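Below is one structure; the comments refer to it alone.
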Amino acid sequence: MQRRLFFALPAQSLASKLHHCQQRLRTEHHKKPVNADNFHLTLHFLGLQDERLLPRLCQAAEQVHVAPFDILLDQYGLFRHARCLWLGPQQSPRPLRELVRQLGEQLKTLDLQVSDDYRPHITLFRNAHGMTQLTAPVLKLAVSEFILYESVSTNDGVLYKPLHRWLLQ
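The structure is reproduced here in structure tokens:
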């Protein structure tokens, strides 16, 4: 069976603050807010993968060693092609870059495609058709774990289901 998978940092600890950002930004240009349960910062998107790959993905993730760290989310941005309005860091912290690098190297050993064009962000709106003029808040995301998620389509929209967690240490 095929599963739509991605590695990400959970951002539920900021859910109320991110929801407040959505309320401030909501306009006719920002149509579809992301559900608070789905807030995350993607590390690597894997796309559709055979579920038999899951044990090997877990073994690969076990090889990643990065200490806990913080990310300052302080900039709004817009991916025009994907029509996503997001909040992310102006400067990607070194531990985040190292986490992405180590995980990417492990994924390459499984012959998986790894994007070199990484832009850390938390999506706030989908179907966004314009950039905001508002100044972004400065939110601190404390990172102590990363998660392998499955993206599941439901009648109520997409659900990001955590499959496995790894603590940073």
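Number 1055 in this note's numbering belongs to position 59 of the sequence shown; there are no gaps in the numbering.
A virtual CB, placed ideally from N, CA and C, is assigned to each residue, including glycine.
Because the structure is a prediction, the values reported are computed rather than measured.
Identify whether residue i lies in helix, strand or coil by the three-state DSSP scheme.
| i | result |
| --- | --- |
| V1088 | Going by the sequence as given, residue 1088 is Ser instead of Val. In the structure shown, S1088 sits in coil (DSSP, three-state: anything other than H, G, I, E or B). |
| R999 | strand |
| L1099 | helix |
| H1016 | helix |
| A1124 | strand |
| S1111 | coil |
| L1135 | strand |
Roughly how many angstroms separate the alpha carbons of residue i and residue j, rounded to a whole number?
| i | j | result |
| --- | --- | --- |
| G1126 | L1120 | 13 Å |
| G1073 | H1015 | 16 Å |
| R1079 | L1021 | 15 Å |
| E1053 | H1040 | Note that residue 1053 is Leu in the sequence shown, not Glu. For L1053 and H1040, the distance between alpha carbons rounds to 12 Å. |
| S1140 | P1064 | 5 Å |
| L1155 | V1148 | 5 Å |
| N1034 | Q1008 | 8 Å |
Select from the options the residue whose C-alpha is nearest the C-alpha of residue i.
| i | options | result |
| --- | --- | --- |
| R1093 | K1027, A1011, L1044, V1060 | V1060 |
| K1028 | V1062, E1101, A1007, N1123 | N1123 |
| E1146 | S1009, T1038, L1163 | T1038 |
| A1057 | V1096, A1132, L1135 | V1096 |
| L1137 | D1033, L1068, Q1098, T1128 | L1068 |
Given a threshold of 16 other Cβ atoms within 10 Å of its Cβ, counted over all protein chains shown, does residue i qualify as buried or as exposed?
| i | result |
| --- | --- |
| P1116 | buried |
| L1163 | exposed |
| V1062 | buried |
Between residue i and the ligand PLP, is the CB less than 7 Å from at least one heavy atom?
| i | result |
| --- | --- |
| E1141 | As presented, the structure is devoid of all ligands, the ligand PLP included, so that no description of it is given. |
Given 8 Å, three or more beta-carbon pairs between the region 1076-1092 and the region 1101-1113: no
Do three or more CB pairs link the region 1038-1050 to the region 999-1008 at distances below 8 Å? yes
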